[in-house]
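Residue numbers are given in numbering that gives the first Met the number 0: position 7 of the sequence shown equals residue 6, and the series is strictly consecutive.
Beta carbons: idealized from backbone N, C-alpha and C, even for Gly.
Working notes, beginning with the structure itself.
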Amino acid sequence: MSPRTAAVLPLLFSFVCSIALLGQETPAPSAPAPPESSTSATAPMSAAARDFPIIMQQSVVAGKTPVGTKVQAKLGVATLVEGKVIPRNAVFSGEVIESAPKTATDASTLSIRMDSIQWKDGSAPIKAYLTGWYYPTMTEEGQDLQYGPTLSQKATWNGQGAYPDPNSRSYKPFPGSESDKDSSVPATPVSATSHHRVAMKDVETGRGEDGVILLVSKRVNIKLDKLTTYVLSTGELLQTK
Numbered sequence: 000m001s002p003r004t005a006a007v008l009p010l011l012f013s014f015v016c017s018i019a020l021l022g023q024e025t026p027a028p029s030a031p032a033p034p035e036s037s038t039s040a041t042a043p044m045s046a047a048a049r050d051f052p053i054i055m056q057q058s059v060v061a062g063k064t065p066v067g068t069k070v071q072a073k074l075g076v077a078t079l080v081e082g083k084v085i086p087r088n089a090v091f092s093g094e095v096i097e098s099a100p101k102t103a104t105d106a107s108t109l110s111i112r113m114d115s116i117q118w119k120d121g122s123a124p125i126k127a128y129l130t131g132w133y134y135p136t137m138t139e140e141g142q143d144l145q146y147g148p149t150l151s152q153k154a155t156w157n158g159q160g161a162y163p164d165p166n167s168r169s170y171k172p173f174p175g176s177e178s179d180k181d182s183s184v185p186a187t188p189v190s191a192t193s194h195h196r197v198a199m200k201d202v203e204t205g206r207g208e209d210g211v212i213l214l215v216s217k218r219v220n221i222k223l224d225k226l227t228t229y230v231l232s233t234g235e236l237l238q239t240k
C-alpha cells in the first residue's frame, strides 16, 4: 500500500460514517397544531329576528299625514337580536318618508322608517320599515267573573223547611248556584290580538329607492290604526301574496 493510499483511507472511512449517522438521525417533531377554538363564529341574524311586531302609538293616513312626521311604536313581544334581548314595550322612533293619497289616476302610497330603539337599560340604532303585515284583533269569550268557587245548592241551603226537590215545579235554585245562572245572558266579550299575522287587504308591498319598503294600494287610501300591531322588517321584503 502506497503512502498516499494510506492517507486517503482514514478520510474515506470518516466520510462514510458521517453519512450513516445522518441517515439514522430522527427528524425533529413538527410543532403541534394550535387547538381549534371552542367559540364558534357569530351566526348571522336570522330572518325571524329581523321582524318586529310593533304597536303603533298614533294613527297614520296616507296623504293626510305629511312626509317627515315623527312616529313611535312599542315592541309587542321581547325579541332576541344577535344575542341581545330587546324587551317588550321598547320604543321604536322614526318618521314617515312617503305619503300620498289615492287619486283617480295614482295609487295610495305610504312608507315608514324606524331609526332607533330605546328601552330602560339601553338603546340601539336600527333601519327598519313598516311592512304590509299586521296582527288582527279577535273577540274572545270573557271569563266567569263570579267571585270565589261555585257553591252547591246543599251548601247554600239555610236549613229551613224541606230540602228542595229539583224535579218539583215549585223548585227555585239557590242564589249563586249553577242552576241560578241565566243561560240567556252571553259572556262578556274580550278583545285579544291574534298570534298569526295576515296581509293588509288591498295593499301590496314593493321596493323603492335605497331599499325602502313601500306600501301601495290602487283601491283604498292606506291607513294605520293606533294601537294595532303591525310588522317591521330590517331584512328581505316580506311577501304579502
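For ASP114, the enclosing beta strand (DSSP E) begins and ends at 107 to 118. With 16 or more neighbouring CB atoms inside 10 Å of its own CB, MET113 falls in the buried class. Shown here for THR233: same chain residues with a beta carbon closer than 7 Å to its own, the five before and five after excluded, namely ARG49, ILE125, LYS126, ALA127 in chain order. Shortest Cα-Cα distance from ILE85 to any of LYS73, VAL95, HIS194 involves LYS73. Note that the C-beta distance between VAL90 and ASN220 is not below 8 Å. In its chain, beyond the 5 residues on either side, SER216, ARG218, VAL219 have a beta carbon closer than 7 Å to the beta carbon of ASP201.
The C-beta distance from THR136 to VAL95 rounds to 24 Å, too long to fall under 8 Å, and the pair is not in contact. In the displayed model, GLU81 falls within coil according to three-state DSSP, outside both helix and strand.
With 16 or more other Cβ atoms from the protein chains shown falling within 10 Å of its own Cβ, GLY93 counts as buried. Annotation for SER110: ILE96, GLU97, VAL211, LEU213 place their beta carbon closer than 6 Å to its own, counting only its chain and skipping 5 residues before and after. Here ILE96 is not bridged, per DSSP, to any residue. Under the DSSP assignment, ARG206 falls in the beta strand (DSSP E) whose first and last residues are 203 to 206. Judged by beta-carbon spacing, TYR133 lies beyond the 8 Å limit of THR204, meaning their Cβ atoms are not closer than that value.
In this model, ALA99 and LYS225 are separated by some 19 Å (Cα to Cα). Within its own chain, the residues whose Cβ lies closer than 8 Å to the Cβ of LYS119, once the five positions on either side in sequence are excluded, are PRO86, listed in chain order.
It is roughly 30 Å from the alpha-carbon of THR108 to the alpha-carbon of VAL80.
Sequence-distant Cβ neighbours of THR68 in its own chain, meaning closer than 7 Å and more than five residues away, are GLU94, VAL95. Checking the DSSP bridge columns, you'll see VAL70 partnered with GLY93. About 6 Å separates the beta carbons of LEU223 and SER58, which is inside the 8 Å limit, making them a contact pair. Where ILE125 is concerned, the enclosing beta strand (DSSP E) starts and stops at 121 to 134.
Here VAL70 has GLN57, VAL59, GLY93, GLU94, VAL95, ILE111 as same chain residues with Cβ atoms under 7 Å from its own Cβ, once five neighbours each way along the sequence are excluded. Under DSSP, no beta-bridge partner is assigned to LEU226. One alpha carbon belongs to THR102, the other to ALA191, and they sit about 35 Å apart.
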